[in-house]
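Read top to bottom, the protein sequences are chains A and B. For the first sequence, position 128 matches number 128 in our numbering, and the numbering has no gaps at all. Position in the second sequence counted from 1, then plus 1000, gives you our numbering. All C-beta atoms, glycine included, are put in the ideal place defined by N, C-alpha and C. These figures come from a predicted structure and were not determined experimentally.
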Amino acid sequence: MTENLVIVGGGQAAAQAIASLRALGFPGRIVLIGEEPVPPYQRPPLSKKYLSGEWGLDRVLLKADAFYAEMKVETRLASRAEAIDRQAGRVRAGSESFPYDKLLIATGSRVRRLACPGAELPGIHHLRTLSDVDAIRPALTAGARLAVIGGGYIGLEVAAVAKGLGCAVTVIEMGERCLNRVVAPQVSAFFETVHRQAGVEIAVNARVTACEGKGRLERIVCASGRAIEADVAVVGIGILPNQEIAQQAGLAVDNGIMVDEFALTSDPAIAAAGDCANFPSALYGRRIRLESVQNAIEQGKAAAAALAGRPARYHDVPWFWSDQYDLKLQIAGLNQGYDRVVVRGDMGARKFAAFYLKAGRLIAVDAVNAPAEYMTCLKQLIPAGAEIAPERLADMSVSMKEIAASTR
Amino acid sequence: MDARNKSEPDWGRNTGAGELAKITYIEFTGKEHTVDVAPGLSVMEGAVKNMIPGIDADCGGACACATCHVYIDPAWREKVGGPSDMEETMLDFAEDVAPNSRLSCQIKVTPELDGLIVRMPNSQH
């Protein structure tokens, strides 16, 4: 009796799960139901090389077109899964209904939409999908006035690309600094300086209250009353997990679809992976939901292993990266709850690492053009919860290799 | 003869100029795959787009994960060249690194690399 495995969602986690399932020898039928009209693709380039035009669609796709046939996967693209009937063991998508013995929910996330008067004006774009970016790119012409709403990673990456294309850019951030709540104040200050030096205007403590224009965007109005003239706006104010389909099926959800360390939901036949999943982190001693490529990949692997009957714990150190101008920001670990930041290197030279400590232990690092600091933390110091004297971390005459050696 | 449409901007994509490079990827098991790769792609992309196992490329080519590690065949080392400082540091943390190791996402395919041979390590993680 052939087992039926259905994957709801067509993104990074889904693509990884397919590869992992077949590598584990899963012999059953696999059906992929993806909302978007294209096969799984990489999202990071959407605010980087795909936005700038340097990369086309062919380079953004995660797998060769032949991959899905090779893996004996039936794909239903441009197909939104509407409901999961756990009693009947079926997934409904449009007029079709797919039986399942095993199910992977990898529905990812959707953008938080700007909600103010005028938010629907032509010229205002959210950035999440290929088609979003296909609509944004033509508007980023030399001299165009771009308003970036949201000073997070997406906003700052878009600002950097747009500046490279010759736009006049203003970043409008609601909080007191860019990358608010994700990096330490000195790291925010660093990135704000980099952008300002590139000619980007950054407005913080600026809450958008309205978008105005006759038939299309002409200006963004803030709570202070300040009006920012703009020809085009890109909104990057966060994403929300697509957990509703799980919730409606009676699965436990709380800041994502709740899974255990094997990526399994409260139903042993159903796994969840990627942006949509909330899981227990042994490293951090709490439940978390991560929005990253690394999480989608590793959880996709764990979900595949669980559904193939060979469960494997997902317990990796989170990592992340952001490319802005010629800077490579590499992040390892999660810094929430830090009580001390130690900077190693030279911020002025744009080559430094900011280490985050909690009760003396290293929990995360933000590294700018500092790969040794990043990799040593990712591979050795963070998993070990290493205790290192702050003075030593900051001391460039001591190599990261020596620091790692002395903590064993 | 460059067959590209000269009025179109060169975004760095393969615009049909021909001159594909034949690259041989050898798995750790010894199994060989020889494929044509368009100039402008990375050696890593040549493997991924041809479904050749042994290169993970988690970060998609951003030099952020060191899971696209390959060994350059000795005969090709000079032509391929060495790593940048950033790549070299990332490589330090890959598995079973050797003097002829490179991160394949950082090697740009050109017609000059036609015939290139690379070998994959036992594991990328």
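Review point. How is Ile136/A classed by DSSP in three states: helix, strand or coil?
Key: Ile136/A falls in the helix class under three-state DSSP.
Check your understanding: Are the C-beta of Ala1021/B and some C-beta of chain A separated by less than 8 Å?
Key -> Not an interface residue.
**Study point:** Residues near Val317/A by beta carbon distance below 7 Å, same chain, minus five either side
**Key:** Hits under 7 Å: Leu283, Ala332, Gly333, Leu378, Ile382 and Pro383.
Check your understanding: Buried or exposed: Met1/A, going by 16 or more other Cβ atoms within 10 Å of its Cβ?
Key -> Label assigned to Met1/A: exposed.
**Study point:** Members of the stretch 375–387 of chain A that neighbour chain B once the beta carbon cut-off is set at 7 Å
**Key:** Considering only beta carbons, the part of the stretch 375–387 of chain A lying closer than 7 Å to chain B consists of Met375 and Lys379, in chain order.
Practice item. Measure from the C-beta of Ala1062/B to each C-beta in chain A and report whether the shortest distance is under 8 Å. Key: For Ala1062/B, the answer is yes, since a Cβ of chain A falls inside 8 Å of its Cβ.
**Study point:** Selection from Pro1111/B, Thr1029/B and Val1097/B that minimises the alpha carbon distance to Val1043/B
**Key:** Relative to Val1043/B, the option among Pro1111/B, Thr1029/B and Val1097/B whose CA is nearest is Pro1111/B.
Point to revise | CB contact check: Lys1049/B to chain A, cutoff 8 Å | key: It does: the Cβ of Lys1049/B has a partner Cβ on chain A nearer than 8 Å.
Practice item. Tell whether a beta-carbon distance below 8 Å holds between Asp1058/B and Val1118/B. Key: The Cβ atoms of Asp1058/B and Val1118/B lie no closer than 8 Å to each other.
Check your understanding: Can you tell me whether DSSP reads Lys163/A as helix, strand or coil?
Key -> DSSP places Lys163/A in helix when its eight states are reduced to three.
**Study point:** CA-to-CA distance, Arg22/A to Met71/A, given in whole angstroms
**Key:** In a straight line, the C-alpha of Met71/A is about 7 Å away from that of Arg22/A.
Practice item. Would you kindly report the start and end of the unbroken alpha helix (DSSP H) that includes Tyr68/A? Key: Counted as a single uninterrupted DSSP element, the alpha helix (DSSP H) harbouring Tyr68/A occupies residues Ala66 to Glu70.
**Study point:** At least three beta-carbon pairs within less than 8 Å, the stretch 119–133 of chain A to the stretch 209–218 of chain A
**Key:** In the pairwise beta carbon analysis, the stretch 119–133 of chain A is classified as touching the stretch 209–218 of chain A: at least three pairs are separated by under 8 Å.
Practice item. Buried or exposed for His126/A, please, with buried defined as at least 16 other CB atoms from any protein chain shown within 10 angstroms of its CB. Key: It is buried - the Cβ of His126/A has at least 16 other Cβ atoms within 10 Å.
Practice item. Quick one: using the 10 Å Cβ neighbour count with 16 as the cut-off for buried, is Arg1004/B buried or exposed? Key: Because the pLDDT at Arg1004/B is just 38, under 50, the model does not fix this residue reliably, and the point stays unresolved.
Practice item. Could you say if the stretch 247–265 of chain A and the stretch 65–81 of chain A meet the contact criterion of at least three C-beta pairs nearer than 8 Å? Key: The answer is no - the stretch 65–81 of chain A does not touch the stretch 247–265 of chain A, with fewer than three Cβ pairs under 8 Å.
Exercise for review: Compute the Euclidean distance between the alpha carbons of Gly10/A and Lys301/A, then round it to the nearest angstrom.
Suggested key: Approximately 15 Å, taken between the alpha carbons.
Check your understanding: Going along the stretch 23–48 of chain A in order, which residues come within less than 9 Å of chain B, judged by CB to CB distance?
Key -> Of all residues in the stretch 23–48 of chain A, those with a C-beta nearer than 9 Å to a C-beta of chain B are Ala23, Gln42, Pro44, Pro45 and Lys48, reading in chain order.
Review point. So, is the C-beta of Lys1006/B closer than 8 Å to a C-beta in chain A?
Key: With a pLDDT of 37 at Lys1006/B, under the threshold of 50, the predicted position of this residue should be treated as unreliable, though the coordinate-derived value follows. Output row for Lys1006/B: interface = no.
Check your understanding: Which runs of the alpha helix (DSSP H) fall wholly inside the stretch 377–404 of chain A and span at least 4 residues, in chain order?
Key -> DSSP runs (the alpha helix (DSSP H)) wholly in the stretch 377–404 of chain A: 390–394.
Point to revise | Local conformation of Arg1013/B per DSSP, three classes | key: Residue confidence is low: Arg1013/B scores 45 on pLDDT, short of 50, so the model does not pin down where it sits. Its coordinate-derived value is still stated next. DSSP places Arg1013/B in the coil class of the three-state scheme, outside both helix and strand.
Review point. Are Gly1061/B and Glu1027/B closer than 8 Å when you measure CB to CB?
Key: Cβ distance not < 8 Å, so Gly1061/B and Glu1027/B don't count as in contact.
Review point. What does DSSP give as the partner residues of Met258/A in its beta bridges?
Key: When beta bridges are read from the DSSP output, Met258/A appears opposite Asn278/A.
Review point. So is Pro241/A in contact with chain B if we call contact Cβ pairs under 8 Å?
Key: With a threshold of 8 Å between beta carbons, Pro241/A makes no contact with chain B.
Check your understanding: At what residues does the alpha helix (DSSP H) containing Thr1089/B begin and finish?
Key -> Asp1085 to Leu1091 is the span of the alpha helix (DSSP H), which, as asked, contains Thr1089/B.
Review point. Between which two residues does the beta strand (DSSP E) containing Gly360/A stretch?
Key: The continuous stretches of beta strand (DSSP E) do not include Gly360/A, and DSSP gives it neither H nor E.
Point to revise | CB contact check: Trp1011/B to chain A, cutoff 8 Å | key: Reliability of the predicted coordinates at Trp1011/B is poor, the pLDDT of 38 falling under 50, and the value obtained from them is presented with this limitation in mind. With 8 Å as the cut-off, Trp1011/B counts as an interface residue toward chain A.
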